[in-house]
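Numbering (my numbering), first residue to last: 129 to 450.
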């Protein structure tokens, strides 16, 4: 049974506010299901001999075999690092895994020049190891455990470094094109903004307020829109509250994303991310009489509570107003 969140309205009279009606909502489902991508046999080759018993290729022929696969692998790895958005990241990780596992299968069937056989075998093993970690990472992206390219690269960092080392060793042995890694994996980080830090702040010169209560276990960013345009985005730490003042009259939609490790450059959490919105539109209205000024203040909770019925829905990451 779903547990509700809360949206409550407070009608303010001059400087004296009285509690109004309350409602709440249900948390949306967890992120996508884990997926793993891959191909058996790669470019049509089958696992097996590793060239044993076959005549060794000439350096020129071996170089040509590597060159025919170099660009596809290098481009696939670079594309992962350039991915923006969870869906694009998921697709590119899957493509990279397919490109590297296929190349490893094909290269394992070659008989390299004898003087680079050991380096060739190390390179192929590194391609397989890295492809395997990419397959694992694809499942984590699907489950929203990893949400940005930097998080994926940090997760596969050891295998990426090993592949880079193996490729450079093979290349140095005869100018062989095995340098497919052009990106660096950073360390796993946990960056946070201060509670109440505005990521975007529009004009806030009205009378109303929006109090945000994030009692959950992850930090959040709340984005409020009006007429399709972003009005403000504010960072609210876990187990904390923040009140946004000066909201103008109008009807607003409220979106929120939870996660860990805020990437300010990409304006996204890199891990454990979710994307939701309140189904109910929040209306702020100021009423003037001969003797009074009345307005509405609102309060929302981003965590589950009992006793309300304001629903929330999952939002496609590509549609989230970041």
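Glycine residues also receive a C-beta, built at the ideal position from the N, C-alpha and C atoms. Given the structure is predicted, the values throughout are model-derived calculations rather than measurements.
Under 7 Å between the Cβ atoms of residue i and residue j?
i: residue 431; j: residue 330; result: no
i: residue 288; j: residue 313; result: yes
i: residue 360; j: residue 320; result: no
i: residue 255; j: residue 232; result: yes
i: residue 272; j: residue 401; result: yes
i: residue 447; j: residue 215; result: no
i: residue 366; j: residue 347; result: yes
i: residue 353; j: residue 381; result: yes
i: residue 127; j: residue 253; result: Any property of residue 127 remains undetermined from this structure, which presents the chain solely from 129 to 450.
i: residue 247; j: residue 182; result: no
i: residue 332; j: residue 374; result: yes
i: residue 406; j: residue 362; result: no
i: residue 426; j: residue 443; result: no
i: residue 107; j: residue 370; result: In this structure the chain extends from 129 to 450, so residue 107 is not present and cannot be described.
i: residue 224; j: residue 274; result: no
Hey, out of the options, whose CA is closest to residue i's CA?
i: residue 268; options: 259, 280, 257, 260; result: 280
i: residue 203; options: 226, 183, 186; result: 226
i: residue 317; options: 398, 369, 379, 342; result: 398
i: residue 278; options: 412, 223, 250, 315; result: 315
i: residue 322; options: 306, 427, 392, 305; result: 392
i: residue 364; options: 310, 290, 388; result: 388
i: residue 221; options: 419, 182, 207; result: 207
i: residue 378; options: 347, 424, 252, 213; result: 424
i: residue 264; options: 290, 284, 371; result: 284
i: residue 293; options: 303, 426, 250; result: 250
i: residue 243; options: 410, 440, 187; result: 187
i: residue 408; options: 440, 386, 418; result: 440
i: residue 386; options: 295, 450, 307, 205; result: 450
i: residue 196; options: 396, 416, 307; result: 307
i: residue 349; options: 395, 357, 356; result: 395
i: residue 270; options: 218, 200, 191, 433; result: 218
i: residue 201; options: 336, 390, 295, 420; result: 295
i: residue 213; options: 358, 276, 416; result: 276
i: residue 336; options: 368, 358, 372, 191; result: 372
i: residue 245; options: 198, 282, 357, 190; result: 190
i: residue 257; options: 286, 355, 282; result: 286
Any idea which residues DSSP pairs residue i with across the strands?
i: residue 371; result: 339
i: residue 347; result: 387
i: residue 359; result: DSSP output for residue 359 lists no bridge partner at all.
i: residue 418; result: Answer is none; residue 418 lacks a bridge partner.
i: residue 395; result: Residue 395 pairs with nothing; no bridge assigned.
i: residue 402; result: 386
i: residue 412; result: 378
i: residue 448; result: The partner list for residue 448 (beta bridge, DSSP) is empty, contrary to what the question assumes.
i: residue 325; result: Paired residues: none, contrary to the question.
i: residue 311; result: None, per the DSSP bridge assignment.
i: residue 354; result: 357
i: residue 429; result: 341
i: residue 364; result: 348
Just to check my reading of the structure: residue i and residue j have Cβ atoms closer than 8 Å, yes? What is that Cβ distance to the nearest angstrom?
i: residue 383; j: residue 351; result: 5 Å
i: residue 298; j: residue 241; result: At roughly 11 Å, the Cβ-Cβ gap does not stay under 8 Å, so residue 298 and residue 241 are not in contact.
i: residue 412; j: residue 376; result: 7 Å
i: residue 309; j: residue 291; result: 6 Å
i: residue 235; j: residue 304; result: 11 Å between Cβ atoms; not a contact.
Just list the alpha helix (DSSP H) runs in the region 237 to 309, keeping only unbroken ones of 4 residues or longer that don't cross its boundaries, in chain order. Complete alpha helix (DSSP H) runs here, min 4: 245 to 270, 277 to 283, 285 to 300.
Going residue by residue through the region 186 to 231, where are the continuous alpha helix (DSSP H) segments of at least 4 residues, counting only ones entirely within it? Whole alpha helix (DSSP H) segments, 4+ residues: 187 to 210.
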